[in-house]
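Residue numbers (the numbering used here): 23 to 520.
Glycine is no exception: its CB is placed at the ideal position from the N, C-alpha and C atoms.
The next block holds one structure in the form of structure tokens; read it before the comments.
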């Protein structure tokens, strides 16, 4: 297998796009939120990583915020938390918190380490990841992995690819294939999506609780608890292949939201450009069978059907936002950008108070009907606003706006691609020149977007592509003249100068 080459859109480096206006206000509120989360969460105990997957999720949000805001204090905080992750490794390369044997926290930490490397070029990251991947490669056949951990193995592909690009080690390709083969078959699910109704049609609450209890009893090692019985890899593998276990994994909103990007990302890794079409197919299936006006499919936190009282799990929504950003980068599908904007303007905005002082884990589409639904026995929806809890929704919210910011501009072959619209300033290298471009807009509440080249060390001639939002018509005006118009995409070639 030849080394993959990224031939699609490229995101600007972290920190190259800086928020302005309302987006800057929201990120500052999120920065205040992270302070409260850090003091409440119990992510650290006795100077060690203690928060399971919550700590790497939290730290990744800090990294993204610190880059977007260029906040020195946040960057120092990130460094202190990253030292805990580095310190958790053993001599063989394995790492993770001591209070769980689950692979899920490690998978989230691998993503956090990659983001940290992209933000800082820290020289410790790639050797650390290489050593962990080698340990994983050597021990995977005798390791136990099931439930969400096994379902999310392809989350590691981005980091595996980053190490592979630097080292050219062939066994990393073999590891990627091994993870693909042993994880859930998300590609088959994307090709023919089987879950057209709410999850209760496919698995009972009793069976779900039994599975979750069994997984927790094996994965969690609580302080003072008696040593639990270690299950053999053969037993765990047999449980994994049972239909009820498969349904439990495949109806999870978070798992499905993550899986959207897997075909596109894995296809890039192995050089198969056709796989990304499965990502688009899965988005269409989820939108058709479980879609909501919020842009995110309904899940409470499992798929809930296209009904008026359906809710959206905030953590799953932010995971879908991240997946959509990746798939847009790989496919240049502007229809997904409409979903990205709906998620940010509706779900993310509705998940918290205006100042982010309180955050929900669930956002309901129809609050009146939802209030009645919650009174029913065994209702699993909860949209309380938490102020003194490091909730899943609060931790996820830290990453939401920085992820959205990544779609403001992407580049390819000396082209600029403006995909979503929000007030910001961006530093771009194109046509051999370095530019600073400002974007000012009140969109979606105003119908104008103004771009201006603030600084330039040359006058490059470049092609610029503008996405036209769904159900709108765009006119591009320069010097008082309409130079282009369209209802899907506008492309112009021009000379940029300050």
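From the DSSP secondary-structure annotation, give me the bridge partner or partners of residue i.
i, result
"residue 437", "434, 485"
"residue 157", "Note: residue 157 sits in no beta bridge, so no partner."
"residue 464", "None; residue 464 has no bridge partner."
"residue 40", "447"
"residue 409", "None, per the DSSP bridge assignment."
"residue 339", "In the DSSP output, where bridge partners are listed per residue, residue 339 has none listed."
"residue 324", "274"
"residue 71", "66"
"residue 51", "BP columns for residue 51 are empty, so no partner."
"residue 334", "321, 385"
"residue 456", "451"
"residue 122", "242"
Got a sec, what are the start and stop residues for the alpha helix (DSSP H) residue i sits in?
i, result
"residue 104", "94-109"
"residue 595", "Outside the displayed span of the chain (23 to 520) sits residue 595, for which this structure offers no information."
"residue 256", "255-262"
"residue 80", "76-91"
"residue 298", "298-312"
"residue 356", "356-364"
"residue 225", "From DSSP, residue 225 is part of no alpha helix (DSSP H); its letter is neither H nor E."
"residue 415", "414-427"
Going by DSSP in three states, residue i sits in which element: helix, strand or coil?
i, result
"residue 399", "Residue placement at residue 399 is poorly supported in this model, since its pLDDT is 48, which falls under 50; the coordinates still yield a value, given next. Three-state result, residue 399: coil."
"residue 498", "strand"
"residue 232", "helix"
"residue 490", "coil"
"residue 132", "helix"
"residue 165", "coil"
"residue 520", "coil"
"residue 380", "coil"
"residue 246", "Model confidence at residue 246 stands at a pLDDT of 42, short of 50, so the residue's coordinates are unreliable; what they give is reported in the following sentence. Residue 246: coil per DSSP, three-state reduction."
"residue 33", "strand"
"residue 189", "helix"
"residue 374", "strand"
"residue 140", "helix"
"residue 387", "coil"
"residue 282", "coil"
"residue 315", "coil"
"residue 220", "coil"
"residue 213", "helix"
"residue 112", "coil"
"residue 329", "coil"
"residue 146", "coil"
"residue 203", "helix"
Could you give the residue range of the beta strand (DSSP E) that holds residue i?
i, result
"residue 446", "446-452"
"residue 508", "503-508"
"residue 474", "471-478"
From residue i to residue j, what distance separates their C-alpha atoms?
i, j, result
"residue 121", "residue 68", "12 Å"
"residue 130", "residue 456", "34 Å"
"residue 65", "residue 74", "8 Å"
"residue 323", "residue 206", "19 Å"
"residue 464", "residue 38", "21 Å"
"residue 103", "residue 145", "16 Å"
"residue 8", "residue 298", "Residue 8 lies beyond the residue range present for the chain, which begins at 23 and ends at 520; the question has no answer from this structure."
"residue 8", "residue 301", "Here the chain covers residues 23 to 520 and nothing more, so residue 8 does not appear."
"residue 314", "residue 161", "42 Å"
"residue 359", "residue 170", "28 Å"
"residue 25", "residue 379", "Reliability fails at residue 25, whose pLDDT of 49 lies under 50, so the model's placement of it is uncertain and the value that follows must be treated cautiously. C-alpha separation (whole angstroms): 46 Å."
"residue 426", "residue 343", "8 Å"
"residue 511", "residue 350", "14 Å"
"residue 222", "residue 321", "12 Å"
"residue 263", "residue 452", "50 Å"
"residue 424", "residue 508", "29 Å"
"residue 203", "residue 175", "10 Å"
"residue 374", "residue 163", "43 Å"
"residue 407", "residue 383", "8 Å"
"residue 254", "residue 357", "46 Å"
"residue 498", "residue 209", "40 Å"
"residue 399", "residue 387", "With a pLDDT of 48 at residue 399, under the threshold of 50, the modelled position of that residue is not reliable, and no figure is offered here."
If you measure between the beta carbons of residue i and residue j, is that distance less than 7 Å?
i, j, result
"residue 230", "residue 270", "yes"
"residue 327", "residue 365", "no"
"residue 53", "residue 114", "no"
"residue 370", "residue 416", "no"
"residue 30", "residue 476", "no"
"residue 601", "residue 185", "Residue 601 falls outside the range modelled here, since the chain spans only 23 to 520, and no answer is possible."
"residue 517", "residue 483", "yes"
"residue 485", "residue 515", "yes"
"residue 141", "residue 36", "yes"
"residue 418", "residue 348", "no"
"residue 341", "residue 280", "yes"
"residue 291", "residue 363", "no"
CB of residue i to nearest heavy atom of the ligand ZN: below 6 Å?
i, result
"residue 477", "In the structure shown, the ligand ZN is absent, as is every other ligand, since no ligand is present at all."
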